[in-house]
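To keep things clear, I will list the structure first and then write my remarks on it.
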Amino acid sequence: MEGNMQEDLLEKIRREIDLNLDQAAAPKAAAAPAAPTVRTIPGVTEFVGATSVGKTIGLVIANVDPQLLETMNVEKKYKSIGIIGDRTGAGPHIFAADEAVKATNTEIIAIELPRDTEGGAGHGSFIIFGAQDVSDVRRAVQVTLQEIDTRVFGDVYGNEAGHVELDYTARASFACNKAFGAPVGKSFAAIVGAPAAIGLVMADKALKSANVDVVGYSSPAHGTSFSNEVILTISGDSGAVRQSVIAAREIGLKLLGTLGSEPKSSQPSYI
Amino acid sequence: MEGNMQEDLLEKIRREIDLNLDQAAAPKAAAAPAAPTVRTIPGVTEFVGATSVGKTIGLVIANVDPQLLETMNVEKKYKSIGIIGDRTGAGPHIFAADEAVKATNTEIIAIELPRDTEGGAGHGSFIIFGAQDVSDVRRAVQVTLQEIDTRVFGDVYGNEAGHVELDYTARASFACNKAFGAPVGKSFAAIVGAPAAIGLVMADKALKSANVDVVGYSSPAHGTSFSNEVILTISGDSGAVRQSVIAAREIGLKLLGTLGSEPKSSQPSYI
Amino acid sequence: MEGNMQEDLLEKIRREIDLNLDQAAAPKAAAAPAAPTVRTIPGVTEFVGATSVGKTIGLVIANVDPQLLETMNVEKKYKSIGIIGDRTGAGPHIFAADEAVKATNTEIIAIELPRDTEGGAGHGSFIIFGAQDVSDVRRAVQVTLQEIDTRVFGDVYGNEAGHVELDYTARASFACNKAFGAPVGKSFAAIVGAPAAIGLVMADKALKSANVDVVGYSSPAHGTSFSNEVILTISGDSGAVRQSVIAAREIGLKLLGTLGSEPKSSQPSYI
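Taken in order, these protein sequences are the chains called A, B and C.
One gets this note's numbering by counting positions in the first sequence from 1 and adding 11 to each.
One gets this note's numbering by counting positions in the second sequence from 1 and adding 11 to each.
One gets this note's numbering by counting positions in the third sequence from 1 and adding 11 to each.
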């Protein structure tokens with residue numbers, strides 16, 4: 012009896028271990044579930060907020076040191092800057108920053124994409140806002156964090172083999188323009204698949220599904236930071252752009268699923 | 012007694028946890044054991060197959076969208092393309108594609124190397140075949156997947172610290188030529204060690220062990236996508252090339268073993 | 012009773028599983044605790060030593076193959092070379108090599124930075140010493156390994172979201188000069204934060220805290236190998252440089268802590 016009970020217990024524990032290990036090995040490309048955004052650190056006026064979604068931090072510098080401003084690679088030398096940095100996510104962060112630019116009196120002065128995603132196949136990001144007034148860049152950072160926390164990861168699907176990412180806006184602004192050359196004011200989307208082979212088939216499907224214009228095409232050796240992605244960006248009529256994105260998403264999810272478990276998104280789809 | 016039995020059980024469980032954790036933390040650079048290749052997805056004619064070896068997918072597009080073809084970085088604008096994409100592995104995939112080119116009426120029109128291996132030290136790959144007829148590229152993709160599933164990872168040895176990779180062909184064709192500048196029709200090999208320091212000593216040993224010609228040398232800042240590898244490619248008499256490879260492998264495995272557990276290959280050695 | 016005891020045991024095991032999983036998921040950017048450095052491999056004269064700190068290996072080649080020397084990207088063609096390679100760490104390894112150059116009759120002939128850290132946000136490194144005599148490069152490699160094993164990781168703090176790294180020398184030599192353009196003989200430091208956004212705020216704080224000169228500024232798309240870091244290098248009066256570093260460290264640790272657990276260092280702080 013004792014033996015049997017021990018066996019039962021052992022089995023119970025084995026299942027628990029497996030469960031925990033599955034979680035430990037969970038897809039890194041997929042965003043973690045949203046945790047409450049941290050709001051303040053005593054004495055650190057630079058801190059605006061942080062979220063576990065993409066491991067993203069939002070910061071401001073009210074008055075950048077002049078020596079530093081001189082050496083930074085930025086388009087305009089604003090003394091007040093807002094900063095978004097993260098480990099996982101470039102498209103969603105840029106589309107979030109795009110909303111922030113629309114909503115505030117700020118400019119995007121730099122977007123750089125590290126090769127990251129914590130061992131995943133894509134990018135992190137490093138985005139800088141500039142403004143005359145620190146309250147403006149603070150507000151831009153807040154809007155960006157809010158978008159990341161709640162919306163823009165809605166169509167980022169990951170599993171242990173890669174990710175399928177769709178980013179869409181009905182009206183592109185200056186972040187999408189700076190990062191991707193999006194025509195300002197027009198409907199715009201990014202279609203991303205990793206490994207890159209999946210992204211290429213998604214791109215083909217997108218263009219065959221509706222009458223849209225190609226804005227750009229990036230691949231591991233051209234236009235990415237050596238990420239394992241194909242990224243197609245498209246513009247056009249809002250309905251057509253959405254139709255393209257939806258068709259690309261459908262085939263991307265099927266293909267990615269052949270390399271692992273069913274790809275999941277951490278937020279509700281918004282496209 | 013009860014206490015002792017609990018202690019025994021606890022010990023048993025501890026070992027089980029450790030074992031499972033070791034597996035969870037297993038070398039990412041090494042290929043996973045081959046799983047049965049998936050063959051079809053209903054309604055998705057682009058899908059050819061997938062294998063867990065390197066997390067590799069094989070795809071075809073029968074008639075690439077003209078707008079897409081215009082923006083892709085390919086050497087020739089074939090309307091039918093075959094695509095190989097993976098997270099882990101560049102050398103093995105290129106040597107596999109080399110066999111496919113020999114066996115089919117196709118050309119290699121692009122080879123790009125993302126910095127990947129899922130947190131490991133090397134590359135993934137993104138390889139595109141072109142042909143007049145979709146049946147030809149489909150066949151090329153099938154041959155490539157078959158090689159990856161069964162053979163070309165035979166001399167890729169990984170542990171938690173890095174990898175030692177040897178790739179060899181008795182007769183190089185156009186994939187090895189495009190990726191590495193290999194002289195077509197001659198015996199050819201790639202000798203790879205990661206971290207890069209190990210690859211450098213392997214390269215030296217290879218050249219001292221037999222009379223072979225250097226085709227190329229790549230390192231983290233020159234000729235790789237910032238991977239942590241030294242890659243030496245050599246050509247020459249078949250016996251000499253194999254002798255070089257075997258000598259490099261021997262010292263590489265000893266050196267990599269000092270940084271972790273004994274490096275293992277997931278397939279039987281073929282060199 | 013039996014049930015309760017089993018529940019207690021189950022709870023005990025759950026805690027043990029959680030603990031082990033925390034360790035399995037531990038910050039990759041942070042150096043592992045120092046393990047005894049391995050000293051010899053029978054028959055392999057190239058091996059000098061290895062340490063688990065950063066997964067670092069130290070090697071020498073007494074007489075580099077001439078064909079190899081011809082193709083390597085090195086500044087001077089010494090026949091005896093010493094090699095340091097690692098998966099995690101660039102700053103600490105370069106500062107360690109700097110001490111080795113001061114202590115030996117060697118030159119630094121190459122420093123290359125792979126994008127690595129095993130899925131973390133930073134670089135590995137690949138450093139080559141040259142000398143007329145193999146005993147000199149062997150000694151340089153030994154000094155470098157010793158520094159890595161015991162000291163230079165003292166101010167590298169990691170958690171699951173990134174790292175904060177501070178490197179300092181009272182008197183820069185030729186490794187810091189080659190890698191960063193440091194003025195030789197002057198006090199010099201590198202201030203690094205990942206994700207990059209944190210590094211930018213650290214850089215600003217550093218420059219506002221003392222009167223130091225900017226030597227260089229790197230970011231994901233400029234001067235790094237697409238790592239997710241901002242790296243500020245500074246020079247000047249020794250006290251001022253240290254004061255800058257300490258201020259940057261303080262804010263960096265607070266910011267990184269908002270994205271995960273308390274950042275930890277594996278060696279005692281030396282700055």
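Even for Gly, the Cβ is constructed at its ideal location relative to N, Cα and C.
Quick caveat, the model's predicted, so the values are computed rather than measured.
Residues of the stretch 106-140 of chain A with a CB closer than 9 Å to any CB of chain B: list them in chain order, please.
ARG126, GLU129, GLY130, GLY131, ALA132
Determine, for GLN34(B), whether the minimum Cβ-Cβ distance to residues of chain C falls below 7 Å.
As a first step, residue 34(B) is located in the second sequence; it is residue number 23 there, counting from the start. Reliability of the predicted coordinates at GLN34(B) is poor, the pLDDT of 37 falling under 50, and the value obtained from them is presented with this limitation in mind. No, its Cβ sits nowhere closer than 7 Å to a Cβ of chain C.
Contact set between the stretch 189-202 of chain A and chain B, restricted to residues whose Cβ is under 7 Å from the partner:
none
Hey, is LYS219(B)'s beta-carbon within less than 7 Å of any beta-carbon in chain C?
Along the second sequence, one-based indexing puts residue 219(B) at 208. Chain C, which has a Cβ nearer than 7 Å to the Cβ of LYS219(B), makes this yes.
VAL71(C): buried (16+ other C-beta within 10 angstroms of its C-beta) or exposed?
As a working mapping, residue 71(C) is identified with position 60 in the third sequence. Buried is the call here.
How close, in whole Å, do the beta carbons of ASP215(C) and LEU79(A) come, if the pair is a contact with beta carbons under 8 Å?
Along the third sequence, read from residue 1 onward, the residue named residue 215(C) stands at position 204. Along the first sequence, read from residue 1 onward, the residue named residue 79(A) stands at position 68. Their Cβ separation, rounded to whole angstroms, is 6 Å, which keeps ASP215(C) and LEU79(A) in contact under 8 Å.
Hey, could you find the ends of the alpha helix (DSSP H) SER146(A) is sitting in?
As a position in the first sequence, residue 146(A) is number 135, starting the count at 1. Start and end: 145-161.
Indicate whether at least one CB of chain B lies closer than 7 Å to the CB of ASP76(C).
Along the third sequence, read from residue 1 onward, the residue named residue 76(C) stands at position 65. Answer yes: the Cβ-Cβ gap between ASP76(C) and chain B drops below 7 Å somewhere.
In terms of residue numbering, what span does the beta strand (DSSP E) encompassing ASN170(C) cover?
Within the third sequence, numbered from 1, the residue matching residue 170(C) stands at position 159. Where ASN170(C) is concerned, the enclosing beta strand (DSSP E) stretches over 167-170.
Counting only beta-carbon atoms, is PRO53(B) nearer than 7 Å to chain C?
On the second sequence, position 42 is the one that residue 53(B) refers to. False, the Cβ-Cβ gap to chain C never drops below 7 Å.
Using a Cβ-Cβ distance cut-off of 7 Å, determine whether ASN222(A) contacts chain B.
In the first sequence, counting from the first residue as 1, residue 222(A) sits at position 211. Output row for ASN222(A): interface = no.
Grouping DSSP H, G and I as helix and E and B as strand, with all else coil, what is ALA35(B)?
Taking the second sequence and counting its residues from 1, one reaches residue 35(B) at position 24. Here ALA35(B) scores only 37 on pLDDT, less than 50, and its place in the model should not be relied on; the value that follows carries that caveat. Helix at ALA35(B).
Using a Cβ-Cβ cut-off of 7 Å, state whether ARG150(C) counts as contacting chain B.
Stepping through the third sequence from its first residue, residue 150(C) is reached at position 139. So, not an interface residue.
Tell me the start and end of each unbroken alpha helix (DSSP H) in the stretch 162-226 of chain B that is at least 4 residues and wholly inside, in chain order.
185-191, 207-220
Any chance the stretch 82-92 of chain A sits against the stretch 194-210 of chain C, with 3 or more Cβ pairs inside 8 Å?
no
Closest to GLU273(C) by C-alpha separation, out of GLY263(C), SER280(C), PRO279(C), would be which residue?
Translated into the one-based positions of the third sequence, residue 273(C) becomes position 262. Among GLY263(C), SER280(C), PRO279(C), the Cα nearest to that of GLU273(C) is on GLY263(C).
Reducing DSSP to helix, strand and coil, say where SER249(C) ends up.
What you label residue 249(C) is simply residue 238 of the third sequence in a count that begins at 1. Here SER249(C) sits in helix by DSSP.
Please list the terminal residues of the continuous alpha helix (DSSP H) segment that includes ILE52(A).
To locate residue 52(A), count along the first sequence from 1; it is residue 41. Careful: ILE52(A) lies outside any alpha helix (DSSP H) and carries neither H nor E.
From GLY96(B), VAL75(B), GLY210(B), pick the residue whose C-alpha is nearest to that of THR269(A); which is it?
Indexing the first sequence from 1 puts residue 269(A) at position 258. Of the candidates GLY96(B), VAL75(B), GLY210(B), the one whose C-alpha sits nearest the C-alpha of THR269(A) is GLY96(B).
Just the C-alpha distance for PHE140(A) and LEU266(B), rounded to the nearest angstrom, thanks.
Here residue 140(A) is taken as the residue at index 129 of the first sequence, counted from 1. Here residue 266(B) is taken as the residue at index 255 of the second sequence, counted from 1. Cα to Cα, the separation comes out at about 47 Å.
Name the chain B residues that come within less than 9 Å of ASN239(C), Cβ to Cβ?
Mapped onto the third sequence, residue 239(C) falls at position 228. Ordered by position in chain B, no residue passes the 9 Å Cβ test against ASN239(C), which lies about 13 Å from the chain.
Limits of the unbroken alpha helix (DSSP H) element including PHE106(A):
For the purposes of this step, residue 106(A) is identified with residue 95 of the first sequence, where counting begins at 1. Here the alpha helix (DSSP H) through PHE106(A) covers 102-114.
Could you list which residues in chain C have their beta carbon closer than 9 Å to that of HIS104(B), in chain order?
The residue labelled residue 104(B) in the question sits at position 93 within the second sequence. Ordered by position in chain C, no residue passes the 9 Å Cβ test against HIS104(B), which lies about 20 Å from the chain.
Local conformation of THR67(B) per DSSP, three classes:
Against the second sequence, residue 67(B) aligns to sequence position 56. Of the three classes helix, strand and coil, the one that applies to THR67(B) here is strand, per DSSP.
Could you tell me which residues DSSP pairs with TYR228(C) in its beta bridges?
Along the third sequence, one-based indexing puts residue 228(C) at 217. DSSP output for TYR228(C) lists LEU243(C) as bridge partner(s).
Closer than 7 Å between beta carbons: that is the criterion. Which residues of the stretch 82-98 of chain B meet it against chain C?
none
Measure how close the beta-carbons of SER91(C) and VAL55(C) come, nearest whole angstrom, since I'm counting them as under 8 Å.
As a working mapping, residue 91(C) is identified with position 80 in the third sequence. As a working mapping, residue 55(C) is identified with position 44 in the third sequence. The Cβ separation is near 17 Å, so there is no contact.
For VAL223(C), which residues from the same chain have a beta carbon less than 6 Å from its beta carbon, with the 5 sequence-adjacent residues on both sides left out?
Taking the third sequence and counting its residues from 1, one reaches residue 223(C) at position 212. Hits under 6 Å: ILE245, GLY247, ALA251, VAL252, SER255.
Residues of its chain near VAL112(C), where Cβ-Cβ distance is below 8 Å and the 5 sequence neighbours each way are ignored
In the third sequence, counting from the first residue as 1, residue 112(C) sits at position 101. GLU118, ILE119, PHE140, ALA151, SER184, PHE185, ALA186.
Can you tell me which residues form a DSSP beta bridge with ARG126(B)?
Locating residue 126(B) in the second sequence gives position 115, where the first residue counts as 1. For ARG126(B), which the question treats as bridged, DSSP gives the partners HIS134(B).
Quick check on this structure: which residue in ASP166(C), PRO77(C), THR62(C) has the alpha carbon closest to the alpha carbon of ALA258(C)?
Numbered from 1 along the third sequence, position 247 holds the residue referred to as residue 258(C). With distances taken between Cα atoms, ALA258(C) lies closest to ASP166(C).
For the putative contact between GLY173(C) and ALA142(C), defined by C-beta atoms under 8 Å, what is the C-beta separation to the nearest angstrom?
Start at 1 with the first residue of the third sequence, and residue 173(C) comes out as number 162. Start at 1 with the first residue of the third sequence, and residue 142(C) comes out as number 131. Their Cβ separation, rounded to whole angstroms, is 37 Å, which puts GLY173(C) and ALA142(C) out of contact at 8 Å.
Tell me which same chain residues have a C-beta within less than 8 Å of the C-beta of GLY234(C), skipping the five on either side of it?
Position 223 of the third sequence, counting from 1, holds the residue named residue 234(C). So the qualifying residues of the chain are GLY227, TYR228, ILE242.
What number of angstroms, rounded off, separates the C-alpha of SER357(A) from the C-alpha of THR115(A)?
For residue 357(A) there is no data in the structure shown, the boundaries of chain A being 12 and 282.
Whole angstroms are fine: how far does the CA of ALA208(C) sit from the CA of ALA37(C)?
Along the third sequence, read from residue 1 onward, the residue named residue 37(C) stands at position 26. Along the third sequence, read from residue 1 onward, the residue named residue 208(C) stands at position 197. Since pLDDT at ALA37(C) reaches only 37, below the 50 mark, its modelled position is unreliable, and no value is offered.
Extent of the continuous alpha helix (DSSP H) run through THR82(B)
Position 71 of the second sequence, counted from the start, is the residue given in the question as residue 82(B). 77-82 is the span of the alpha helix (DSSP H), which, as asked, contains THR82(B).
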